[in-house]
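J.: Okay, handing you the structure first.
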Amino acid sequence: MSNMFRRARSSGRSPIRSSLYLRAIVAALALAATSAMAAPRPHLRVALGWLPQADFAGFFAAQANGLYDRAGLDVEIVPGNARNGAVMMLATGAYDFVNVFNSGVALDMANVHLPYIAIAAIYQKEPTAIIVHDGPDAPRSLVDLRGYPIMISPEALDNYWAFLVGRFGYTSSQVRRYTGDSTLFIATPHIAQQGYLTNDVARLHAAGVPIRVFPLADAGYSSYGPIIVARRALVDQHPEIVQRFLDATLQGWCLYLHGDRTGTDRLIMAGNPDYTEQNASDAVAAMRQYQLIEGGDARTQGIGIMTAARWNAYFQQMQPTGLYPPHMDFSTLYTTRFLHHMTCDSGQ
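The sequence shown maps to residues -38 to -1, 1 to 310 in mature numbering (1 follows the signal peptide of the UniProt record, and there is no 0).
Right, dumping it as structure tokens:
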């Protein structure tokens, strides 16, 4: 997910910044965006970074329930895929808002000076977990997984795997490559795998696999989950548009969590035919069980909230990786100016 940024840092220069061709494209897109913002109904492009699913439901709920229309906005939701994920979507500069998957991508974004700024953290917790087979001799905690083979994606090695190494003493000899396919995990009792609380856990349960789940957030991993980032120029020049967009999106989340999801799920499945109503129901159940959206600081400060303490905690957890300068000013990568203590009681 974020390897492109990390390669840029290790080589001493960013391919994003060094490409005159890309700069010209971004400049042209910025000019087009300025014209779009001047229209009576501003046209906004929102990049998901992945295929439509319940983890992005706030955007689709705002669309399905007419919230963007009532806010005077013409919003286009653009899915991503394996070849065109959040990182590539950020790099083009072609989108007004991008959904990035965690705090690591946001830090990478700031580290190579991409013109985006985080405006809301939808999940107050990183929704990734380590999953093991359940049984009489199964590991009882992440501590017990020291020396245990764990299937991890290459993208994870520079973020939460680094946290696990520092916190629990894991080593590179434990790593087995994870590509999103759980076949090896299902067939191998004494192996663990990474997984997403909102989909992988339910999928394994449905396959009849007894599992035990260890959420990384419960072990102190400080990353936020999906984060909405906005073009800095849009934030600076048209803050009222950003406010209207974010208010509608957060209200969309409230409707999805506590209202009728039918129309929203229909939109999601139209963009991702392999996604089912059961997938969506499982995801919402996980959001509630693990308090991904309304838990943590969101209980008292409203959904989407981000705090300096959390960003600092994550930054400190990542320092042993050497990915970021020790004195990096990460305070400029986010703003809370558009967050106004919206709870789902007050946001509808």
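Quick reminder that beta carbons are idealized off the backbone N, C-alpha and C, glycines included.
I want to know whether the segment 180 to 194 touches the segment 61 to 75 - three or more CB-CB distances under 8 Å.
T.: yes
J.: Whose C-beta lies closer than 6 Å to the C-beta of Tyr30 among residues of the same chain, with five residues either side of it excluded?
T.: Ala24, Val37 and Ala210
J.: Would you please state the rounded distance, in angstroms, between the beta carbons of Asn17 and Ala245? I believe it to be under 8 Å.
T.: Sequence check: residue 17 is Asp here, not Asn. That pair is a contact at about 7 Å.
J.: Are Leu301 and Gln263 closer than 9 Å when you measure CB to CB?
T.: yes
J.: Is DSSP giving Ile265 helix, strand or coil here?
T.: In the structure shown, Ile265 sits in coil (DSSP, three-state: anything other than H, G, I, E or B).
J.: Is DSSP giving Asn27 helix, strand or coil here?
T.: coil
J.: State the CB to CB distance for the pair Pro124 and Met290, rounded to an integer number of angstroms; the pair is presumed to be in contact (CB under 8 Å).
T.: Inspection of the sequence shows that residue 124 is occupied by Ala rather than by Pro. Wrong, their Cβ atoms sit about 16 Å apart, outside the cutoff.
J.: Secondary structure at Tyr85, three-state DSSP: helix, strand or coil?
T.: coil
J.: Using the three-state DSSP reduction, which class does Thr238 fall into: helix, strand or coil?
T.: coil
J.: Identify which residue in Ala164, Phe207, Gln199 and Tyr158 has its Cα closest to the Cα of Thr238.
T.: Among Ala164, Phe207, Gln199 and Tyr158, the Cα nearest to that of Thr238 is on Ala164.
J.: Distance check for Glu202 and Tyr122, CA to CA, integer angstroms please.
T.: 36 Å
J.: Helix, strand or coil: which one does DSSP assign to Ile92?
T.: strand
J.: Would you tell me roughly how many angstroms separate the C-alpha atoms of Met268 and Ala82, rounded to the nearest one?
T.: Per the coordinates, the alpha-carbon of Met268 lies some 7 Å from the alpha-carbon of Ala82.
J.: To the nearest angstrom, report how far apart Ala275 and Pro282 are at their CA atoms.
T.: 13 Å
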